[in-house]
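What follows is a set of notes on a single structure, which appears directly below.
2 protein chains.
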Amino acid sequence: MEYTKLVKGESSVATTENKKQVTIYDIADQAGTSASTVGAVLNGSWRNRRISEKRAKTIQQIATEMGYAPNMQARALRSVRSSMIGMIIPMYDNRYFGAIAERFEMAARARGLLPMTSCTHREPELELATVKQMLSYNVDRIVCAGASDPDTIARICKAHGVPTINLDLPGAAATSIISDNYTGAFKLTSALIKHAQAKGLDWQNEFLFLGGRPTDHNTSERIRGFRDAISNAGARPLDENILACGYAAAKSKVAFAAKLKDTGQMPTAMFVNSTISLEGVFDWLAQNDRAALDTILFGSFDWDPFAQYMAQNLFSVRQDVSAMVDTMFRIIDGEAPHEPKIIQIAPIVISDKAGCDTAPSSRI
Amino acid sequence: MEYTKLVKGESSVATTENKKQVTIYDIADQAGTSASTVGAVLNGSWRNRRISEKRAKTIQQIATEMGYAPNMQARALRSVRSSMIGMIIPMYDNRYFGAIAERFEMAARARGLLPMTSCTHREPELELATVKQMLSYNVDRIVCAGASDPDTIARICKAHGVPTINLDLPGAAATSIISDNYTGAFKLTSALIKHAQAKGLDWQNEFLFLGGRPTDHNTSERIRGFRDAISNAGARPLDENILACGYAAAKSKVAFAAKLKDTGQMPTAMFVNSTISLEGVFDWLAQNDRAALDTILFGSFDWDPFAQYMAQNLFSVRQDVSAMVDTMFRIIDGEAPHEPKIIQIAPIVISDKAGCDTAPSSRI
DNA sequence: CTTTATTGCACAATCGATGGTGCAAAGGCT
DNA sequence: AGCCTTTGCACCATCGATTGTGCAATAAAG
Chain B
45 MEYTKLVKGE
55 SSVATTENKK
65 QVTIYDIADQ
75 AGTSASTVGA
85 VLNGSWRNRR
95 ISEKRAKTIQ
105 QIATEMGYAP
115 NMQARALRSV
125 RSSMIGMIIP
135 MYDNRYFGAI
145 AERFEMAARA
155 RGLLPMTSCT
165 HREPELELAT
175 VKQMLSYNVD
185 RIVCAGASDP
195 DTIARICKAH
205 GVPTINLDLP
215 GAAATSIISD
225 NYTGAFKLTS
235 ALIKHAQAKG
245 LDWQNEFLFL
255 GGRPTDHNTS
265 ERIRGFRDAI
275 SNAGARPLDE
285 NILACGYAAA
295 KSKVAFAAKL
305 KDTGQMPTAM
315 FVNSTISLEG
325 VFDWLAQNDR
335 AALDTILFGS
345 FDWDPFAQYM
355 AQNLFSVRQD
365 VSAMVDTMFR
375 IIDGEAPHEP
385 KIIQIAPIVI
395 SDKAGCDTAP
405 SSRI
Chain P
45 MEYTKLVKGE
55 SSVATTENKK
65 QVTIYDIADQ
75 AGTSASTVGA
85 VLNGSWRNRR
95 ISEKRAKTIQ
105 QIATEMGYAP
115 NMQARALRSV
125 RSSMIGMIIP
135 MYDNRYFGAI
145 AERFEMAARA
155 RGLLPMTSCT
165 HREPELELAT
175 VKQMLSYNVD
185 RIVCAGASDP
195 DTIARICKAH
205 GVPTINLDLP
215 GAAATSIISD
225 NYTGAFKLTS
235 ALIKHAQAKG
245 LDWQNEFLFL
255 GGRPTDHNTS
265 ERIRGFRDAI
275 SNAGARPLDE
285 NILACGYAAA
295 KSKVAFAAKL
305 KDTGQMPTAM
315 FVNSTISLEG
325 VFDWLAQNDR
335 AALDTILFGS
345 FDWDPFAQYM
355 AQNLFSVRQD
365 VSAMVDTMFR
375 IIDGEAPHEP
385 KIIQIAPIVI
395 SDKAGCDTAP
405 SSRI
């Protein structure tokens, strides 16, 4: 083994462990070549640079022996690409967003990207601050999942030359992959109505819609589907039964309680817009009227295993997270076109217990 | 405005937006000073470097006008510190880990650190690969939450000069912050026994422990607490009733079904080790014996709002995530000593419905 | 056996921020 | 006024990888 040009970091005996970090210069020293050759070999561009196969092999072996790992900071600084992909997401307090985060991370890793997810609590300022922070790390791309103001984010990212893509909630400034909220809501509502009719219940006047933000696209589409399904069943949707009070359990609990106080009777059926809002309803009922837990017909837009198992009178819409994330990455990969701007993925309506079969997580 | 020394990137008119990125050189051009002065001002070290207050003010203002944000890659490359903190965590499919991730991110951001969380599915190889990836980005520290093999990770990180800290599951090679699993399990089991006794049920022979990995510290401690509580109540804990079959819902479902087939009768009470395992049990019961959902006495180590609201016969242990994460960061901040190696945080036992008051998420 | 083309690689600039060092100007002191 | 100290800042090397360029050595062509 030759020891030529020991210019940098004389550490010719890299202990694999404990040395500060093996660099291409260390390897170059060992291999008796230049750092640029080593760099080219180790980042895969060596064929373009006409490095001989033999030398490449040697260098790769030395790199392995020395336990080389590229310094991504240096790479990112020079090449501007960081191999990091960021995602902002509202919360991890429900299965839907949890599944999004998990699948996002897996898909990112499968592509050699370092996923950086961060929950931003549906607060626009926090979303923006987080995005800016990610930008200063030169993330290659940012995914806005359920973002309050995706267009402002898209604009800022574009100014930095960083592409964005929206998930769950759409924006006008970037491609968006969302659920087909209208159809999902329509089907869910129709299933509830059908069930109520089969049971001979009077559903027309006491059918609530609860939860969500009236300003967000998903909620407004779900309300539209809800109303249309009611109309379609020959009834008239009532404005006063639509309570888009925000998502938080505390808020839906208050709104639900107020509505009950107002009307003086339990609803026949309820379309609850998110499992978080459903939490508020169940909380109130568990404390005040447990019997109603078994009599009210629930429809939940979003799925939760416990809610599903426990309530026999609960229908759910389960958004197809796998399809959403896969579709998104196909676009990111460039395999699918960026048009149309909004891609809707059909969610799964679980309106009988057969749906439970798909429920349990299969992880350890 | 003076235009002196327009050496680099002649972009004297930075449009705040759309320019590739404002650097200290751009600001230096505008301010007519050197880049090192700008750098010192903007990273706060300017007093040590004897930059005049007046010049600092000027530079700060120009920086604000130009929308400067430091290139963290460059900073990290030079200073080795990246201001990133990584965390690996098993999954986002339950409230416990979701809460950990969320609070971790908040606490990290509050300290100006960029949180990078990544779920690694309880797979040691994936944990290791993820950690190595984080290391190549020079993260300042790594948190191992619920890691299968925290000691190997700690060793590798130490070799890179990166400190680690364990959360949820302890290791020997780094400080660990975990729940007091033994006491939690003891109390939960005792509460179940007391309840069974009050109801005059025969609990001694048909009291199951289900879920978890027998090899992990938490599970073994919970089993110990479970056994001691039974002994303490004057009975004999039965080995054949302890089914540490893994956490996954699918696994607990199978184990539960097999046990039923074996004994031919429903258990009186069950200690279920994680909400994920509880899912498997509920899944089986929902399909095969709904009535048992209301008769079996459940104890769940970990809390889930829906499980809590729906089952009147469910006691839970809710781990004190806030305290755990806060304690961890106090150690990271250096405010608390790194000793003792294992810090146990008391979890909260919810054995009556009063506990529900704390349940709903208060977010939007 | 030249001449041209190709192969195989080394050199050096560069990305943006940090921090050691040096030096002129201003201020203090006798 | 002359000397010393302090102030205020500029210069430059550096972190590790990427990439344009140049130049020997070898191969191919005539």
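Chains B and P supply the protein sequences, listed in that same order.
If you're matching positions, the first sequence starts at 45 in the numbering used here and goes up one per residue.
If you're matching positions, the second sequence starts at 45 in the numbering used here and goes up one per residue.
Just so you know, even glycine gets a beta-carbon here, dropped at the ideal spot from N, CA and C.
Residue i in three-state terms, based on DSSP
| i | result |
| --- | --- |
| M310/P | coil |
| S406/B | Interpretation of S406/B is limited by its pLDDT of 37, a score under 50 that renders its predicted location unreliable; no figure is taken from the coordinates. |
| I267/B | helix |
| G76/B | coil |
| V85/P | helix |
| A277/B | coil |
| V316/B | strand |
| C201/P | helix |
| I286/P | strand |
| G15/P | Because chain P is modelled from 45 through 408, residue 15/P falls outside the range shown and cannot be assessed. |
| G324/P | helix |
| G256/P | strand |
| D401/P | In this prediction, D401/P has a pLDDT of 35, which is less than 50 and means its spatial position is unreliable; nothing more can be read from the coordinates. |
| N332/B | helix |
| A293/P | helix |
| R1/B | Residue 1/B lies beyond the range of chain B shown here (45 to 408); nothing can be said about it. |
| Q356/P | coil |
| L245/P | coil |
| Q177/P | helix |
| T67/B | coil |
| I237/B | helix |
Counterpart residues of residue i in DSSP-defined beta bridges
| i | result |
| --- | --- |
| N210/B | C188/B and S220/B |
| C163/B | I133/B |
| F345/P | V361/P |
| F230/P | Answer by DSSP bridge pairing: none, since F230/P is not bridged. |
| F251/B | A313/B |
Distance between residue j and residue i (C-alpha atoms, nearest Å)
| i | j | result |
| --- | --- | --- |
| V124/P | I200/P | 17 Å |
| F373/P | Y140/P | 18 Å |
| R257/B | I389/B | 21 Å |
| K64/P | A203/B | 7 Å |
| I197/P | A191/P | 9 Å |
| R147/B | S275/P | 44 Å |
| V393/P | D224/P | 11 Å |
| I186/B | R119/B | 19 Å |
| A145/B | V365/P | 20 Å |
| I132/P | R271/B | 44 Å |
| N62/B | A79/P | For N62/B, the pLDDT reaches just 48, beneath the cut-off of 50, and the residue's location in the model is therefore unreliable, leaving the point undetermined. |
| D370/P | A151/P | 8 Å |
| Q331/B | T307/B | 19 Å |
| W5/P | D184/P | With chain P covering 45 to 408 only, the question about residue 5/P has no answer from this structure. |
| I286/B | I267/B | 8 Å |
| L282/B | R153/B | 47 Å |
| P381/B | N210/B | 15 Å |
| C289/B | G83/P | 48 Å |
| L329/B | R334/P | 20 Å |
| L213/B | N262/B | 7 Å |
| I129/P | R280/B | 54 Å |
| L383/P | P349/P | It should be pointed out that residue 383/P corresponds to Glu in this sequence rather than to Leu. Answer to the nearest angstrom: the Cα atoms are 35 Å apart. |
| N249/B | I320/B | 25 Å |
Quick one: which unbroken alpha helix (DSSP H) runs of 4-plus residues sit fully inside the stretch 93–128 of chain P? Chain order, please. List check, alpha helix (DSSP H) in window: 97–110 and 116–123.
Would you be able to state if there are at least three C-beta pairs under 8 Å between the stretch 244–260 of chain P and the stretch 215–223 of chain P? In short, these stretches do not touch, since the Cβ pair count stays below three.
Just to confirm the assignment: which complete alpha helix (DSSP H) runs, minimum length 4, are found wholly within the stretch 359–395 of chain B? With a minimum length of 4 residues, the continuous alpha helix (DSSP H) runs that stay inside the stretch 359–395 of chain B are 365–376.
Measuring CB atoms only, is the stretch 310–322 of chain P touching the stretch 325–340 of chain B, in the sense that at least three cross pairs come out at less than 8 Å? No, because fewer than three Cβ pairs between the stretch 310–322 of chain P and the stretch 325–340 of chain B fall closer than 8 Å, the two stretches do not touch.
Determine, using beta-carbon pairs with one atom in the stretch 161–181 of chain P and one in the stretch 224–234 of chain P, whether at least three such pairs fall under 8 Å. A contact between stretches requires three or more CB pairs, one per stretch, nearer than 8 Å, and the stretch 161–181 of chain P fails this requirement with the stretch 224–234 of chain P.
Contact between the stretch 100–114 of chain P and the stretch 288–305 of chain P is defined here as three or more beta-carbon pairs at a separation below 8 Å; is this criterion met? Verdict: no, contact absent.
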